[in-house]
Amino acid sequence: SLSALFAQSEARSGAGDWSYVTLDDPVQSLDNERQKGLASAIEELANSCSVLVATIPGEFSDRLREYVSKKRHVVTLGSWSQAEGASISSEEDL
Numbered sequence: 005s006l007s008a009l010f011a012q013s014e015a016r017s018g019a020g021d022w023s024y025v026t027l028d029d030p031v032q033s034l035d036n037e038r039q040k041g042l043a044s045a046i047e048e049l050a051n052s053c054s055v056l057v058a059t060i061p062g063e064f065s066d067r068l069r070e071y072v073s074k075k076r077h078v079v080t081l082g083s084w085s086q087a088e089g090a091s092i093s094s095e096e097d098l
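16 is the number that my numbering gives to position 12 of the sequence shown; each next residue is one higher, with no gaps.
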C-alpha cells in the first residue's frame, strides 16, 4: 500500500495538487530490507514534495538520517510531565 501511496503522491505533487505527504510510523511491520527501501522511496518522493515522517527513535529514524540526502528539519519530542507537558527540541539537518 505504501508503493501505491508514493506513486499517487508523486503524480499529484507533480500536477501541483499536493505540497506534502505525512507518514505516521510507516515501519510498523517492515523488516530491515523493506525499511531501507522505504528510506530510499522517501528520498525520491522528497524530490516532488515535502515529506513529514513521524517515527520513534531507533533504526529507521537513524536510517533516514543516513540515506536521505535532502535538507531535513528534525523535531524530537522528549519526556512529558503533567506540569510542563512534552519537551521539544528542533534542529535543521543538512
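We put the beta carbon where it would ideally sit given N, CA and C, even for glycine.
8 Å Cβ cutoff met for residue i and residue j
i, j, result
"Ser54", "Tyr71", "no"
"Pro30", "Leu42", "yes"
"Glu96", "Leu49", "no"
"Arg69", "Lys40", "no"
Coil, strand or helix - residue i by DSSP
i, result
"Asp28", "strand"
"Arg60", "The identity of residue 60 in the sequence shown is Ile, whereas the question assumes Arg. DSSP places Ile60 in coil when its eight states are reduced to three."
"Glu96", "strand"
Member of the options whose CA lies at the smallest distance from the CA of residue i
i, options, result
"Val57", "Ala11, Val78, Gly89 and Ser33", "Val78"
"Ser33", "Thr59, Gly89 and Val25", "Thr59"
"Leu81", "Lys74, Lys75, Glu47 and Ser91", "Ser91"
"Ser65", "Ser83, Asn51, Ser52 and Ile46", "Ile46"
Sheet register partners of residue i (DSSP bridge)
i, result
"Ser85", "Gly89"
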